[in-house]
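Student: Just dropping this structure here.
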Amino acid sequence: MDVQKLNFIREECVLLFKKLPADSIGKWGKMNAQQAVEHLAAFFNVSAGKIKFDLVTPVEHLPKYKEFLLSDKEFRENTKAPTTVIGEEALPLQYATMEAALEKLAESIAAFENYFKNEPLITSLHPVFGELNFEEWVLLHYKHVSHHAKQFGLL
Numbered sequence: 144m145d146v147q148k149l150n151f152i153r154e155e156c157v158l159l160f161k162k163l164p165a166d167s168i169g170k171w172g173k174m175n176a177q178q179a180v181e182h183l184a185a186f187f188n189v190s191a192g193k194i195k196f197d198l199v200t201p202v203e204h205l206p207k208y209k210e211f212l213l214s215d216k217e218f219r220e221n222t223k224a225p226t227t228v229i230g231e232e233a234l235p236l237q238y239a240t241m242e243a244a245l246e247k248l249a250e251s252i253a254a255f256e257n258y259f260k261n262e263p264l265i266t267s268l269h270p271v272f273g274e275l276n277f278e279e280w281v282l283l284h285y286k287h288v289s290h291h292a293k294q295f296g297l298l
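Our numbering puts the sequence shown at residues 144 to 298.
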């Protein structure tokens, strides 16, 4: 288990994005800061089994995706999720304020940890990377949060 990455998710994720006004524009992409926070919260909910997607990656490609996940490689700037997963345009805001979105992000991070707490061997499906266990989700969430933090100049 990469405790440093888990602690980054637990302790720094929400704090990083608290520095931004909701309408901040990133260095790339279509999302503003609040949309990015809501997007991150949604994918913590995917890992907690609260939001479900079908697998979009051909099964024969999963080993290459897993290899990337387990590596120290970062997502490239402007990496886009498949449009079948999140669509072409940034999603409309779900919450009235950035503070509410950050609160939901904190809740979704806690839900992610709780999902795996009592059953550490279970997995949940990521639409691109396939079935992931807790440690793999930690690596993916770390890459994902870092990617969006860099998008907004936070890292």
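Cβ atoms here follow ideal geometry from the backbone N, Cα and C, with glycine treated the same way.
Would DSSP call Asn261 helix, strand or coil?
Tutor: coil
Student: Taking the C-alpha atoms as reference points, what is the distance between Leu268 and Ala244?
Tutor: 24 Å
Student: Can you give the beta carbon distance from Met241 to Ala176, rounded, assuming they're within the 8 Å contact cut?
Tutor: 7 Å
Student: Between the C-alpha atoms of Val336 and Ile265, what's the straight-line distance to the nearest angstrom?
Tutor: Absent from the model: residue 336. The displayed extent of the chain is 144 to 298, so no value can be given.
Student: Please tell me whether Phe187 and Phe255 are closer than 8 Å, where the distance is taken between their beta carbons.
Tutor: yes
Student: Using the DSSP secondary-structure output, state which residues sit across from Ile168 in a beta bridge.
Tutor: Asn175
Student: Rounded to a whole number of angstroms, what is the C-alpha to C-alpha distance between Leu159 and Tyr258?
Tutor: 24 Å
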